[in-house]
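For the sequence shown, our numbering begins at 17 and goes up steadily by one.
Glycine included, C-beta positions come from ideal geometry on N, C-alpha and C.
Just so it is clear, the structure is predicted and the values come from calculations on it, not from any experiment.
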Amino acid sequence: MDLKESCPSVSIPSSDEHRVKKKRFTVSIETESASLYTKFHILLLAQFEETSMIHKSADRPNLTISLRVYKVLVSVGTNEWFVFRRYAEFDKLYNTLRKQFPTMNLRIPAKRIFGDNFDPDFIKQRRAGLNEFIQNLVRQPDLCNHPDVRSFLQMDNPKHQYDPSEDEDERNSQKLNSTSQNINLGPSGNPHAKPTDFDFLKVIGKGSFGKVLLAKRKRDGKFYAVKVLQKKIVLNRKEQKHIMAERNVLLKNVKHPFLVGLHYSFQTTEKLYFVLDFVNGGELFFHLQKERTFPEHRAKFYAAEIASALGYLHSIKIVYRDLKPENILLDSLGHVVLTDFGLCKEGIATSDTTATFCGTPEYLAPEVIRKQPYDNTVDWWCLGAVLYEMLYGLPPFYCRDVAEMYENILHKPLHLRPGVSLTAWSILEELLEKERQYRLGSKEDFLEIQRHPFFETISWNDLLEKKIPPPFNPNVFGPDDIRNFDATFTEEMVPCSICISSDYNIVNASVLEADDAFIGFSYAPPSEDLFH
């Protein structure tokens, strides 16, 4: 293995973000089988407090000194632990290394003599500088193996030593025990593909079963979004059919402009890998969080492209069932791309119904909550809910109390505020009709949506051919640009377990703000928690 493959990835999660985000739940209760189960997709947000370490001088008891402490999460092979360091310790290491490696061009944030050391902008800049410094250390073998660096990261601590033979025995045992656990990936399966075909660069999303990562294929340098799912969790929760449904839908929609494409899939004894288009304009949810609402012309454009994608799925007897801003991506030009097909229901014709309780609470149609049979019109309800959120900033019946929100969806009249056109009011009322048999789209499906006056200015043929310029350009600067992804994800360390390697000395590190109570404390989390 060459040195480049041993280079680590490093991240420092932001500690000063205060964006308020709604928790997103996806509930799936299968009523079609004898066993009922519930699945929650929760968007977990890493929150780091701005804390300080307080020292009181013995000679001058009234003197209080505040020092910021950083937590360094170190990963070597499959071992992980925490190390806590003050800025002075980073500075000492830097001064030692720059004398011995003058050509390495190492940098560290300068000391601040004047001004407020607890100014948020200063803290953010210092954290970014320390991030870059640590990245440089662990990326370069000469630096990473330096005794002072190994000591700084506690890599030689006996508690953190790694015995590869133990892991090899464990993996061999897993192979024997998991032979029958292989999942049929169908035509998309590539038996020759393997995780080491890729350089996994950044985490760009998370879900119940795993992560989505930006990956660069080594043989041609192309960038992909690779969805990595843990088999153990999928099998334990009996979610195989949801995973297969996603695969089947991905295989069917590769030619539609507003649906993400699957290139191929593969598996190891422990994980499933879906190699997808990398769509880097960001989630609609990400842009809504920044802008709160969209102008009507922009919301209309997105709604039209979403409707086109839903209409196509319906034409091949698939109900999407989980439309929400998190599952709607923008490409580099600003066009919509639907993703995450885990809750799609196959084989549903326009006149057919199903009774599975699934979706995200804010967007559930009344008939789903009532556990009544439903059809394609659940997707048109969801389109109405997403359009409402784009125009008004929140889903139509949103409440933090989920039970109360269900009551609102079932019984509360739709409240439409001023500020949008009459045709927008009209389509919202017709899409958010509580009785599905009267809902827009209940008779002729997508054709009814197309004919509504709200979309009068849309040329559907031009839309499908992407001839209509998007109203917003994400300003993507390259195929690997991740500026439109939430830093909660992108600043997270890429788990070593994503790419199994025979090189057990791959080093990863991540620096976080730390509470003073943990000074000098090292902790290795349980192995089952490492992937999360």
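**Request:** Assign residue 330 to buried or exposed, taking buried as 16 or more other Cβ atoms, counted over all protein chains shown, within 10 Å of its Cβ.
**Result:** Here residue 330 refers to the residue found at position 314 of the sequence shown. By the 10 Å Cβ count, residue 330 comes out buried.
**Message:** Tell me which residue opens and which closes the beta strand (DSSP E) that residue 241 is part of.
**Reply:** If you number the sequence shown from 1, residue 241 lands on position 225. The continuous beta strand (DSSP E) containing residue 241 extends over residues 239-246.
**Item:** Sufficient close CB pairs (3 or more, under 8 Å) joining the segment 443-460 to the segment 294-314
**Value:** By the Cβ rule, the segment 443-460 does not count as touching the segment 294-314, because fewer than three pairs are nearer than 8 Å.
**Item:** Buried versus exposed call for residue 431 [16 or more other C-beta atoms within 10 Å across all chains shown]
**Value:** Working through the sequence shown from its first residue, we reach residue 431 at position 415. Under this definition residue 431 is an exposed residue.
**Asked** Got a sec, what are the start and stop residues for the alpha helix (DSSP H) residue 148 sits in?
**Response** In the sequence shown, residue 148 corresponds to position 132, counting from 1. Segment 136-155, the alpha helix (DSSP H) holding residue 148.
**Item:** Assigned exposure category for residue 5 - 16 Cβ within 10 Å defines buried
**Value:** Any question about residue 5 goes unanswered here, given that the chain covers just 17 to 548.
**Prompt:** Going by alpha carbons, who is nearest to residue 322 out of 401, 499, 292?
**Reply:** In the sequence shown, residue 322 corresponds to position 306, counting from 1. When only C-alpha atoms are compared, the closest one is 401.
**Request:** Helix, strand or coil for residue 223, going by three-state DSSP, please let me know.
**Result:** Here residue 223 refers to the residue found at position 207 when the sequence shown is read from its first residue. In this structure, residue 223 counts as coil in the three-state DSSP scheme.
**residue 402, enclosing alpha helix (DSSP H) - first and last residue** = Walking along the sequence shown from the start, residue 402 turns up at place 386. 393-408 is the extent of the alpha helix (DSSP H) around residue 402.
**Message:** Quick check: the Cα distance between residue 344 and residue 352, rounded to an integer number of angstroms?
**Reply:** In the sequence shown, counting from the first residue as 1, residue 344 sits at position 328. In the sequence shown, counting from the first residue as 1, residue 352 sits at position 336. Between residue 344 and residue 352, the C-alpha separation is close to 7 Å.
**Message:** To the nearest angstrom, how far is the alpha carbon of residue 9 from that of residue 465?
**Reply:** In the structure as shown, the chain begins at 17 and stops at 548. Residue 9 is therefore absent and cannot be evaluated.
**Prompt:** For residue 303, is the classification buried or exposed, using 16 other Cβ atoms within 10 angstroms of its Cβ as the cut-off for buried?
**Reply:** Here residue 303 refers to the residue found at position 287 when the sequence shown is read from its first residue. By the neighbour-count rule (16 or more Cβ atoms within 10 Å), residue 303 is buried.
**Prompt:** Thinking C-beta only, is residue 222 closer than 8 Å to residue 505?
**Reply:** In the sequence shown, counting from the first residue as 1, residue 505 sits at position 489. In the sequence shown, counting from the first residue as 1, residue 222 sits at position 206. Against a cut-off of 8 Å, the Cβ pair of residue 222 and residue 505 comes out as a contact.
**Request:** Report yes if the C-beta distance between residue 286 and residue 248 is below 8 Å; otherwise report no.
**Result:** Your numbering for residue 286 matches position 270 in the sequence shown. Your numbering for residue 248 matches position 232 in the sequence shown. Going by C-beta atoms, residue 286 is nearer than 8 Å to residue 248.
**Prompt:** Should residue 280 and residue 231 be called a contact, given that it needs their Cβ atoms to be closer than 8 Å?
**Reply:** For this step, residue 280 is matched to residue 264 along the sequence shown. For this step, residue 231 is matched to residue 215 along the sequence shown. Result no, Cβ atoms of residue 280 and residue 231 do not sit closer than 8 Å.
**Prompt:** How would you write the range of the beta strand (DSSP E) that residue 291 sits in, first residue to last?
**Reply:** Looking up residue 291 in the sequence shown gives position 275. Looking at the DSSP string, the run of the beta strand (DSSP E) that includes residue 291 is 287-292.
**Request:** Check the DSSP bridge columns for residue 283 and list the partner residues they point to.
**Result:** Here the question's residue 283 lines up with position 267 in the sequence shown. Looking at the DSSP assignment, residue 283 forms a beta bridge with 288.
**Request:** Name the one or two DSSP bridge partners that residue 214 has.
**Result:** Indexing the sequence shown from 1 puts residue 214 at position 198. Residue pairing by DSSP places residue 214 opposite 233 in a beta bridge.
**Prompt:** When the Cα of residue 395 is compared with those of 427, 324, 423, which residue comes out closest?
**Reply:** Within the sequence shown, numbered from 1, the residue matching residue 395 stands at position 379. Among 427, 324, 423, the Cα nearest to that of residue 395 belongs to 324.
**Asked** By how many angstroms is the C-alpha of residue 412 removed from the C-alpha of residue 427?
**Response** Walking along the sequence shown from the start, residue 427 turns up at place 411. Walking along the sequence shown from the start, residue 412 turns up at place 396. So the two alpha carbons sit approximately 12 Å from each other.
**Asked** Are the beta-carbon atoms belonging to residue 243 and residue 228 less than 8 Å from one another?
**Response** The sequence position of residue 243 within the sequence shown is 227, counting from 1. The sequence position of residue 228 within the sequence shown is 212, counting from 1. In contact: residue 243 and residue 228 (Cβ atoms closer than 8 Å).
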